[in-house]
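Okay, so here's the structure we're looking at.
Residue numbers (our numbering), protein chains in the order written: chain H, 0 to 511; chain U, 139 to 526.
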């Protein structure tokens, strides 16, 4: 019995979602027809993942605005189990498999083939074989998930969804970590599923893959659905998709600065890094880059391109193995084999995840500020508390950190103020080169501008800035020069002046 | 009704005061129910002698726990070093000083070996030290051949059973002990006043002056009374002075030095510490070496006290030591804990042991009560932290 009179399998109407006053979704309309592959594209932060979490019940009714109709019925999911019961299954970017259980055990996790709590192993086996055949995976159900590659694990996830009688399959960046062959196999499987009547929502950055399989494309930007394009009659030009994705005009969100690049400060030559877990897989492939004094250089790339990994491998070999290549500061080769040596060479790395990697949350602002350079506030190993507080207070004033005082716990501060403490901590080491990894992630607009201004003033002082960001507008607004990174390789370099989000996006996606 | 600022301060420092007040309350309780036996000079002296080795080990354990680890082997190491001392001094007739040195070095090596597995091979400390617990318990048995070995030379026994020598002999009270005891209390008071001045200069929430005065008075009075009581028996035991010195050194180390600061950062967020250039592995190793040395020292103190090395020495000590740290407010997830807290925790356990023994409560109920107190202290902590 259809109550909404529409033929769509899924209809999401005027969906909105806020987190403590921060708007994540403004107004999204989405209609998925039965048996179609519906692609959702958008920049990082456009709201794709949030939308899927609303749909699958991770954010339950009524924490969002708008209506969800599935199979002609208005739905108010209280949790993920309810959406799964209707056949909506989401496969996240980070796979939800238990590595040390077998494929068969993973397939029926939570829905075991059992009677009275006792697992029926022969039924498990035969059902598993059947499901694996459906997804075209040639592995024994007894194989441990840990022993198969990421591509095959992705297929196991899909088989797991099929085991739950899936009607609508949602895939979040399914090919991000797959090689070309595995990606092709996955796309072929999606087409087969479509033929058997399963609808599919595909979130992806890879426009060429979308062009290959999608029937419809919905573009999200800043939490709103901007356009829905039908691909069956005539596939839309990639340029049109990219324009819809990045659309907005640049406004005055960045401080004015007159770049005045000096001599080359930092240089990385032929830098190779092997993945720490996958022996033989080169994660960084021969990177060459340089940063001049007074210059802000950006590294653009999609999620998983290897930008953070590159930065961490340089900074004291904090990521990866078999690191080869050389790092140079002011024309001299420097030893960056430990964090301490990298700091001594004049580098600072402001981490992407400030809570997990940047701060000791239950310690005070003062103690966090001095952590990297305790020598600066001590004599013969004795800490001078007064000096420590003075140093922290100087930074507090310079950065206008809002807090009750430098003895306050950093865990109590807002994201923007925490980020200022992390910056203060690294500035206290008096670095020449600052590597900033997503310096404004999770920070509100006002605090962002303050951080940008600070970065600009550091460059004006003659420091070199290497900035990693997933927000293209930010890179274009702040940087003098951009490196483009894709799958562990620096695939291009361009001056930021004159570059647009479209040109960068095209270069990254390799569509021109 | 207290003024609101005072109430606010008391509330936010409930933990710090709570610990001390708990110790005082427990002492008061046993003082009453044992008809005053608890604070009799003889018993008081024994109380310190009985708990000195637990306190010594708690100092090292606090650092290990703050660094985010645990050491289950300390009891066995204690027993092993006692056995080693007996073999060297009693069976092989070594002079005392070289034997002491060898024992302490042995402790350092044991700690270093275990710490190396934890720090560099990344094996969980729980497992490494559980293995160590078995190994060193076995080695102690092997060294002693299953028998008790003793007695020790007299110059070694002094470590535990000796008292501060008294110069003007013949007096009823031990004047040297009194003088040294009161001097220590004065130093402590002066340091507290200095610390308070500095805290005010840093603009951190200072203790209201009324509270500070009261606390200082109570603390000095209580310590003074203890010194006074003990001076009327045999004076201050050597081991009490050793313990006091160590407490001072470790309190200083953890609060004032870069080394201590780095250990707290390591336990508070290991990955952030590593990315801040702190040599986390070396620091972890150091914590275990330090623990080994202190466990060895405690083993020597214990052997000297019994005047014999027995195969059962050290049995179960690790439980009291670890409990002392947790009662004293250390966090099992690392990064939090104070030396003085661990010391108070050790004495809470010690006073309960002693008081219940005087009352003739069976060992079975003693265990039950101690377990409940440990759990209550940690529950109080977690509850307090969640609210704050």
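C-beta: ideal position from N, C-alpha, C; glycine also.
Problem - Sub-9 Å separation of residue 533 of chain U and residue 251 of chain U beta-carbons - result: Given a span of 139 to 526 for chain U in the structure shown, any question on residue 533 of chain U remains unanswerable.
Exercise for the section: Could you have a look at residue 536 of chain H and say whether DSSP puts it in helix, strand or coil? Expected result: This structure does not reach residue 536 of chain H, given that chain H is present from 0 up to 511, and the question cannot be answered.
Problem - Coil, strand or helix - residue 447 of chain H by DSSP - result: Start at 1 with the first residue of the first chain, and residue 447 of chain H comes out as number 448. In this structure, residue 447 of chain H counts as helix in the three-state DSSP scheme.
Handout entry: For residue 178 of chain H, the three-state DSSP class (helix, strand or coil)
Key = In the first chain, the residue the question calls residue 178 of chain H occupies position 179. Three-state result, residue 178 of chain H: coil.
Problem - chain U contact for residue 514 of chain H (CB, 9 Å cutoff) - result: Examination of residue 514 of chain H is not possible in this model, given that chain H is present from 0 through 511 alone.
Exercise for the section: Run down chain U in chain order and give the residues with a C-beta less than 8 Å from the C-beta of residue 382 of chain H. Expected result: As a working note, residue 382 of chain H is residue 383 in the first chain. In chain order: 394, 395, 396, 399.
Exercise for the section: Tell me the start and end of each unbroken alpha helix (DSSP H) in the stretch 362–418 of chain H that is at least 4 residues and wholly inside, in chain order. Expected result: Taken in chain order, the unbroken stretches of alpha helix (DSSP H) that lie wholly in the stretch 362–418 of chain H and span 4 residues or more are 364–369, 384–398.
Handout entry: Where residue 410 of chain U meets chain H, residues with beta-carbon distance less than 7 Å
Key = Along the second chain, read from residue 1 onward, the residue named residue 410 of chain U stands at position 272. Residues of chain H with a Cβ closer than 7 Å to the Cβ of residue 410 of chain U are, in chain order, 356, 357, 358, 359.
Problem - Presumed contact (8 Å Cβ cut-off) between residue 371 of chain U and residue 247 of chain U, rounded CB distance - result: If you number the second chain from 1, residue 371 of chain U lands on position 233. If you number the second chain from 1, residue 247 of chain U lands on position 109. Under the criterion of beta carbons closer than 8 Å, residue 371 of chain U and residue 247 of chain U do not qualify as touching, at roughly 39 Å.
Problem - Per-residue contacts from residue 474 of chain U into chain H (C-beta, under 8 Å) - result: Start at 1 with the first residue of the second chain, and residue 474 of chain U comes out as number 336. Under the 8 Å cutoff, chain H gives 361.
Exercise for the section: If I'm right that residue 204 of chain H touches residue 301 of chain H with Cβ under 8 Å, what's the distance once you round it to whole angstroms? Expected result: Within the first chain, the letter at position 205 stands for residue 204 of chain H. Within the first chain, the letter at position 302 stands for residue 301 of chain H. For residue 204 of chain H against residue 301 of chain H, the beta-carbon gap comes to about 5 Å, under 8 Å, which counts as contact.
Handout entry: Chain-order list of residues whose beta-carbon lies under 6 Å from that of residue 401 of chain H (same chain, five-residue window excluded)
Key = Counted from its first residue, the first chain places residue 401 of chain H at position 402. The answer, listed in chain order, is 416.
Problem - Simplified DSSP assignment, three categories, for residue 436 of chain H - result: Taking the first chain and counting its residues from 1, one reaches residue 436 of chain H at position 437. Here residue 436 of chain H sits in strand by DSSP.
Handout entry: Residue range of the beta strand (DSSP E) that includes residue 10 of chain H
Key = By 1-based counting over the first chain, the position of residue 10 of chain H is 11. Segment 9–18, the beta strand (DSSP E) holding residue 10 of chain H.
Practice task
Have a look at H:232, H:288, H:405 and flag the residue whose alpha-carbon is nearest the alpha-carbon of residue 268 of chain H.
Solution key: Here residue 268 of chain H is taken as the residue at index 269 of the first chain, counted from 1. That would be H:288, whose Cα lies nearest to the Cα of residue 268 of chain H.
Handout entry: Close-in-space but distant-in-sequence residues of the same chain around residue 502 of chain U (CB under 8 Å, 5 per side omitted)
Key = If you number the second chain from 1, residue 502 of chain U lands on position 364. Sequence-distant Cβ neighbours of residue 502 of chain U in its own chain, meaning closer than 8 Å and more than five residues away, do not exist here.
Exercise for the section: State whether the stretch 424–436 of chain U contacts the stretch 211–228 of chain U, with contact taken as three or more CB pairs (one from each stretch) at a distance under 8 Å. Expected result: Taking 8 Å as the limit for Cβ pairs, the verdict is that the stretch 211–228 of chain U does touch the stretch 424–436 of chain U.
Practice task
Closer than 7 Å, Cβ to Cβ, to anything on chain U: give me those residues from the stretch 46–63 of chain H, in chain order.
Solution key: Cβ contacts with chain U: none found.
Handout entry: residue 290 of chain H versus H:433, H:282, H:364, residue with shortest Cα-Cα distance
Key = For this step, residue 290 of chain H is matched to residue 291 along the first chain. Minimum Cα distance to residue 290 of chain H is reached at H:433.
Handout entry: residue 68 of chain H in three-state terms, based on DSSP
Key = For this step, residue 68 of chain H is matched to residue 69 along the first chain. Three-state result, residue 68 of chain H: strand.
Handout entry: Inter-stretch contact (C-beta, 8 Å, three-pair minimum) for the stretch 486–504 of chain H and the stretch 320–333 of chain H
Key = The stretch 486–504 of chain H makes no contact with the stretch 320–333 of chain H; the number of CB pairs closer than 8 Å stays below 3.
Handout entry: Separation of residue 233 of chain H from residue 213 of chain H, as counted between CA atoms
Key = In the first chain, the residue the question calls residue 213 of chain H occupies position 214. In the first chain, the residue the question calls residue 233 of chain H occupies position 234. Residue 213 of chain H and residue 233 of chain H: Cα-Cα distance of roughly 12 Å.
Practice task
Identify every residue that forms a DSSP beta bridge with residue 184 of chain U.
Solution key: Numbered from its first residue, the second chain carries residue 184 of chain U at position 46. The partner list for residue 184 of chain U (beta bridge, DSSP) is empty, contrary to what the question assumes.
Problem - Host alpha helix (DSSP H) of residue 473 of chain H (start-end) - result: As a first step, residue 473 of chain H must be located in the first chain, where it is residue number 474. Where residue 473 of chain H is concerned, the enclosing alpha helix (DSSP H) stretches over 471–477.
Problem - Boundaries (first-last residue) of the beta strand (DSSP E) holding residue 332 of chain H - result: The residue you call residue 332 of chain H lines up with position 333 of the first chain. From DSSP, the beta strand (DSSP E) with residue 332 of chain H extends over 331–333.
Practice task
Would you please verify whether the beta carbon of residue 403 of chain U is less than 9 Å from any beta carbon of chain H?
Solution key: Reading the second chain from its first residue, position 265 is the one you call residue 403 of chain U. Yes, because at least one Cβ of chain H sits closer than 9 Å to the Cβ of residue 403 of chain U.
Handout entry: Cross-strand partners of residue 171 of chain H (DSSP beta bridge)
Key = Here residue 171 of chain H is taken as the residue at index 172 of the first chain, counted from 1. Residue 171 of chain H pairs with H:202.
Problem - Rounded separation between residue 221 of chain H and residue 31 of chain H - CA only - result: Within the first chain, numbered from 1, the residue matching residue 221 of chain H stands at position 222. Within the first chain, numbered from 1, the residue matching residue 31 of chain H stands at position 32. In a straight line, the C-alpha of residue 221 of chain H is about 21 Å away from that of residue 31 of chain H.
Practice task
Establish whether the CB of residue 424 of chain H and some CB of chain U are separated by less than 9 Å.
Solution key: Against the first chain, residue 424 of chain H aligns to sequence position 425. Taking 9 Å as the CB threshold, residue 424 of chain H lines the interface with chain U.
Handout entry: Endpoints, alpha helix (DSSP H) assigned at residue 267 of chain U
Key = The residue labelled residue 267 of chain U in the question sits at position 129 within the second chain. Secondary structure note for residue 267 of chain U: its alpha helix (DSSP H) is the uninterrupted segment 263–282.
Handout entry: Beta-bridge partners of residue 485 of chain H, as assigned by DSSP
Key = Here residue 485 of chain H refers to the residue found at position 486 when the first chain is read from its first residue. According to DSSP, residue 485 of chain H bridges with H:488.
Exercise for the section: Would you mind giving the Cβ-Cβ distance between residue 15 of chain H and residue 25 of chain H, rounded to the nearest angstrom? I have them listed as a contact below 8 Å. Expected result: Position 16 of the first chain, counted from the start, is the residue given in the question as residue 15 of chain H. Position 26 of the first chain, counted from the start, is the residue given in the question as residue 25 of chain H. At roughly 6 Å, the Cβ-Cβ gap stays under 8 Å, so residue 15 of chain H and residue 25 of chain H are in contact.
Handout entry: Bridge-paired residues (DSSP) for residue 265 of chain H
Key = Within the first chain, residue 265 of chain H is the residue found at index 266, counting from 1. Residue 265 of chain H has H:290, H:328 as its beta-bridge partners, per DSSP.
Practice task
For residue 323 of chain H, name the three-state secondary structure that DSSP assigns.
Solution key: Within the first chain, the letter at position 324 stands for residue 323 of chain H. Correct three-state label for residue 323 of chain H: strand.
Problem - Exposure of residue 519 of chain H, with buried meaning 16 or more beta-carbon neighbours within 10 Å - result: Summary: the structure shown does not reach residue 519 of chain H, with chain H confined to residues 0 through 511, and so no result is reported for it.
Exercise for the section: For residue 129 of chain H, count neighbouring Cβ atoms within 10 angstroms of its own Cβ and tell me buried if that reaches 16, exposed if not. Expected result: Looking up residue 129 of chain H in the first chain gives position 130. Within a 10 Å sphere around the beta-carbon of residue 129 of chain H sit fewer than 16 other beta-carbons, which makes this residue exposed.
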